[in-house]
Each structure stands twice: as structure tokens, then as C-alpha cells.
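J.:
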Amino acid sequence: HLWIYNYFIVKRGLPNNKFEKKSEMLKGKRVIVTGASTGIGEQIAYHLARMGSHLLITARTEAQLQQVVAQCLELGAASARYINGSMEDMKFAQAVVKKAEELWGSLDMLILNHIGKSYFNYFDWDIRHVQKLMDINFLSYVTMTISALPMLKNSGGSIVVVSSMAGKIGFPFTVTYSATKFALHGFFSSLRQEFVMQNTNVSITLCILGLINTESAMKAVSGRFTSPPAPKEECALEIIKGGALRQREVYYRYMDTKIFTVLRDWAPEFIDYLIRKNYNMDNLKQD
Ligand code: NDP
1203 HLWIYNYFIV KRGLPNNKFE KKSEMLKGKR VIVTGASTGI GEQIAYHLAR MGSHLLITAR
1263 TEAQLQQVVA QCLELGAASA RYINGSMEDM KFAQAVVKKA EELWGSLDML ILNHIGKSYF
1323 NYFDWDIRHV QKLMDINFLS YVTMTISALP MLKNSGGSIV VVSSMAGKIG FPFTVTYSAT
1383 KFALHGFFSS LRQEFVMQNT NVSITLCILG LINTESAMKA VSGRFTSPPA PKEECALEII
1443 KGGALRQREV YYRYMDTKIF TVLRDWAPEF IDYLIRKNYN MDNLKQD
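If you want it as C-alpha cells, here you go:
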């Protein structure tokens, strides 16, 4: 029984229905969500709004952010504000945290979720794209973490990093994206070790996601990747749950993603083969 308890409750966290009942954990908490104009980030904002959190959301598209803020207020957010700009610019990444400080003077959770636009195809050897995506998908995460750390230390808060199976295993056609996600795992896993050694009471949750049915992902993989996607609404709740329960990692969907990562080092060639079987090469060649 203890094993079952450990496996399902400690490792996987509370089941969603139980967590929703405990969602007062996030009531009145002050949360930044990046990349919240669409997709998973937007759904994270809606869940947090229902739970009564204070929200600061960010992305580039102002009109879209305004709509998400309006919806969050309707759903019951304690407050909801936005700041728009590009995470290519590290000054903007700092400005987002500064805005939270001005609004609340404190921060409980930093949810880093945004990604820059990439392509789904063979690597194109364009080093400028690699640099740009490293800035948006990795350096801005580090920049925001540095800026937010004093507030997070004061509140005993949480950092939630939305990553991917492509941050654990090499997938084809996402070479640059995968490099940025691997970088996140290296940085935040090492930082977590130091937090423990320095008694820094800030949790770090890395989220390892499989394919999720967001508009941009569905457009990118359409006709080329044969695995069925998981729903963005449930995914968003799993991410919040992992952060609130201070889990070190979230796997979603658990069975699809965890098995691959566990087997990765035991049977790497077999796993690579299974992954390649999911791609429809004919559709790819049409590009
Ligand atoms: P979306 O494309 O739906 O959302 C990306 C968000 O980032 C948008 O809000 C977008 O808004 C914002 N964004 C894009 N470029 C910039 C920029 N230069 N500066 C600031 N913000 C920017 O992505 P998903 O919801 O699908 O993905 C969310 C997270 O989940 C990502 O970290 C992704 O790696 C991860 N993930 C997703 C999977 C999936 O299948 N969907 C699978 C595995 C991981 P705007 O354009 O207005 O700036």
C-alpha cells in the first residue's frame, strides 16, 4: 500500500479531481505566466483564474492578451494584467518581473512557457535561427529567473519550466528547438541541486510534455507525426498541479512520456527507432 501511495501520490501528485478541490492552495497567489496568449499558457491562465490567483500574463500579441485577461477576470481571477513584448529582448524579460514587483511587491510562482517560432523539418544549418531560439527559449528563462529570485526566495515560491520530450530525447525535425529544451534541463536541474545545498526554499518543476493539441503544434505536425495528441486543458492543469505540489518533474501524458525517458538509456537505439516510426516522411519531403 505504501508503494502505491508513493507511486501515485508522491511521484505523480494528487489526482486532478482531488487537486481541484484543494485549489485554494493557489487562491490569492501571485503568478507570472509567459506565452499565455495562446495554447497551453492560455489554458494555464484560465485554470489559475478559476482558482482565484493574481495573474500577470505575457506574450507579443497585445489584442490576444487583452482577450485572455478579460476572460480570466470573468473566470474569477483575483486580478489579471498583461505586459506585451518579445522575449528575444532580455530587457523585456526583466521588465516582466519588474512589473510584477510594482503590482504586487511579491511573487509566488513563475511559469516559464513561451517558445519562439521554429520549423518542423530537417535542420537548415542557419546559425542565426539557433541563436535567436536560444535567446527566446533559454536565455530569457534564465534572465527572468535571475530577476525573480529575490521575490521567490522571500515567498518560498516556485519556478515551473514547461519543457518537452524533446528536452530529454533527440527527436528529428526539431533540432534547434530540442537544443533549447536540453539547455533548460541542464540549467534548472543543476540549479535545483544548488538550491537544496544552499537551503534556498524555491522549488523547480520541469514539465516533460508529449504532443499536445495546441493550434501551433497541430499545424506544425499535421500529416507528418502519427501519434495522437493530448488535450491542452488537462495538460495545463497537470503543470499547475506539479508546480503547486513542488514536484521536481511533471510527465504528461505520464505513461507516454515516462516510459520513453526511462528506457532512453537502456535501449537507446530501440527508442530512436520507435520514435522514427511515428513520422510520415512522404509529407515531409513536400516542403
Ligand atoms: P503556442 O505556440 O500555442 O504558444 C506560444 C506562446 O509563446 C504564445 O503565447 C506566443 O504568443 C508566445 N511567443 C511566441 N514568440 C514569442 C516571443 N518572441 N516572445 C514572447 N512570447 C512569444 O505553444 P504551445 O502552447 O504549443 O507550447 C507551450 C509550451 O509547451 C512550450 O514551452 C512548448 O515547448 C511546450 N510543449 C508543447 C508541446 C505541444 O505539442 N504543443 C509539446 C511539448 C512541449 P505571441 O505569438 O503573441 O508572442
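So the number in this note's numbering is just where the residue sits in the sequence shown, counting from 1, plus 1202.
Idealized CB from N, CA, C, for every residue including glycine.
1) What I want to know is whether the C-beta of A1297 ends up closer than 7 Å to one or more non-hydrogen atoms of ligand 1.
2) How about I1461 and I1371: are their beta carbons less than 8 Å apart?
3) Contact defined as beta carbons within less than 8 Å: I believe A1438 pairs with Q1245. What is the distance between those atoms, to the nearest angstrom?
4) Under 8 Å between the Cβ atoms of T1407 and V1344?
5) Between the region 1230-1237 and the region 1406-1421, do at least 3 Cβ pairs fall closer than 8 Å?
6) What three-state label does DSSP hand I1317 in the structure shown?
7) Would you call I1338 buried or exposed, if buried means 16 or more other Cβ atoms sit within 10 Å of its Cβ?
8) The beta strand (DSSP E) that contains N1356, what's its start and end?
9) Helix, strand or coil for A1238, going by three-state DSSP, please let me know.
10) Taking only runs that begin and end inside the region 1276-1304, name each unbroken beta strand (DSSP E) of 3 or more residues, in chain order.
11) Measuring from the CB of Q1266, is there a heavy atom of ligand 1 at a distance below 7 Å?
12) Flag this pair as yes or no: are the beta carbons of E1311 and S1360 separated by less than 8 Å?
13) Could you check if W1306 is buried or exposed, using at least 16 other CB atoms within 10 Å of its CB as the buried criterion?
14) May I ask you to list the residues that DSSP assigns as paired with I1410?
15) Per DSSP, H1387 forms a beta bridge with which residues?
16) Should S1239 and L1275 be called a contact, given that it needs their Cβ atoms to be closer than 8 Å?
17) Taking just the CA atoms, how far does A1282 sit from H1331?
18) Touch check for the region 1311-1323 and the region 1370-1386: three-plus C-beta pairs under 8 Å?
19) Please report the straight-line C-alpha distance between K1421 and L1335, rounded to a whole angstrom.
20) Cα separation between G1230 and D1458?
21) Between M1353 and the rest of its own chain, which residues show a CB-CB distance below 6 Å, the 5 nearest in sequence each way excluded?
22) What residue does the alpha helix (DSSP H) around L1257 start on, and which one ends it?
23) Thinking C-beta only, is N1286 closer than 8 Å to K1443?
24) By Cβ distance below 7 Å, which residues in the same chain neighbour A1350 in space, the five residues on each side in sequence not counted?
25) Nearest to I1329 by alpha carbon, out of H1256, W1468, V1377, E1303?
T.: So, from the listed chains and residues:
1) Here residue 1297 is taken as the residue at index 95 of the sequence shown, counted from 1. No, Cβ of A1297 sits at least 7 Å from all heavy atoms of ligand 1.
2) Residue numbering aside, residue 1461 sits at position 259 when the sequence shown is read from its first letter. Residue numbering aside, residue 1371 sits at position 169 when the sequence shown is read from its first letter. Contact: no.
3) The residue labelled residue 1438 in the question sits at position 236 within the sequence shown. The residue labelled residue 1245 in the question sits at position 43 within the sequence shown. About 4 Å; that satisfies the 8 Å criterion.
4) By 1-based counting over the sequence shown, the position of residue 1407 is 205. By 1-based counting over the sequence shown, the position of residue 1344 is 142. Pairing T1407 with V1344 gives a Cβ-Cβ distance that is not under 8 Å.
5) At 8 Å Cβ cutoff, the stretches do not touch.
6) Locating residue 1317 in the sequence shown gives position 115, counting from the first residue. DSSP places I1317 in coil when its eight states are reduced to three.
7) For the purposes of this step, residue 1338 is taken as the residue at position 136 of the sequence shown. That one is buried.
8) One-based indexing of the sequence shown puts residue 1356 at position 154. Element bounds for N1356: not the beta strand (DSSP E) but the alpha helix (DSSP H), 1342-1357.
9) As a working note, residue 1238 is residue 36 in the sequence shown. If DSSP states are grouped into helix, strand and coil, A1238 belongs with coil.
10) Complete beta strand (DSSP E) runs here, min 3: 1281-1286.
11) Working through the sequence shown from its first residue, we reach residue 1266 at position 64. Checking the 7 Å criterion, the Cβ of Q1266 is within range of a heavy atom belonging to ligand 1.
12) Reading the sequence shown from its first residue, position 109 is the one you call residue 1311. Reading the sequence shown from its first residue, position 158 is the one you call residue 1360. Here the sequence assigns Met to residue 1311, which means Glu is not the residue at that position. At the C-beta level, M1311 and S1360 come within 8 Å of one another.
13) Along the sequence shown, one-based indexing puts residue 1306 at 104. Buried is the call here.
14) Taking the first residue of the sequence shown as 1, we reach residue 1410 at position 208. Answer by DSSP bridge pairing, in chain order: S1365, Y1453.
15) Here residue 1387 is taken as the residue at index 185 of the sequence shown, counted from 1. In DSSP, H1387 forms no bridge with anything.
16) Walking along the sequence shown from the start, residue 1239 turns up at place 37. Walking along the sequence shown from the start, residue 1275 turns up at place 73. Cβ atoms of S1239 and L1275: not closer than 8 Å.
17) Counting from 1 along the sequence shown, the entry for residue 1331 is found at position 129. Counting from 1 along the sequence shown, the entry for residue 1282 is found at position 80. Taking the straight line from one Cα to the other gives about 33 Å.
18) Three or more beta-carbon pairs drawn from the region 1311-1323 and the region 1370-1386 are found closer than 8 Å, and the two stretches are therefore classed as touching.
19) On the sequence shown, position 219 is the one that residue 1421 refers to. On the sequence shown, position 133 is the one that residue 1335 refers to. Between K1421 and L1335, the C-alpha separation is close to 19 Å.
20) Your numbering for residue 1230 matches position 28 in the sequence shown. Your numbering for residue 1458 matches position 256 in the sequence shown. Taking the straight line joining both Cα atoms gives about 34 Å.
21) Position 151 of the sequence shown, counted from the start, is the residue given in the question as residue 1353. Closer than 6 Å at the Cβ level, and outside the excluded window around M1353, lie S1308, L1309.
22) Locating residue 1257 in the sequence shown gives position 55, counting from the first residue. No alpha helix (DSSP H) holds L1257; the beta strand (DSSP E) holding it covers 1256-1261.
23) Within the sequence shown, numbered from 1, the residue matching residue 1443 stands at position 241. Within the sequence shown, numbered from 1, the residue matching residue 1286 stands at position 84. Cβ distance not < 8 Å, so K1443 and N1286 don't count as in contact.
24) Mapped onto the sequence shown, residue 1350 falls at position 148. Apart from the 5 residues on each side of it in sequence, A1350 sits with its Cβ closer than 7 Å to the Cβ of V1299, L1309, L1312 in its chain, given in chain order.
25) Along the sequence shown, one-based indexing puts residue 1329 at 127. Among H1256, W1468, V1377, E1303, the Cα nearest to that of I1329 is on V1377.
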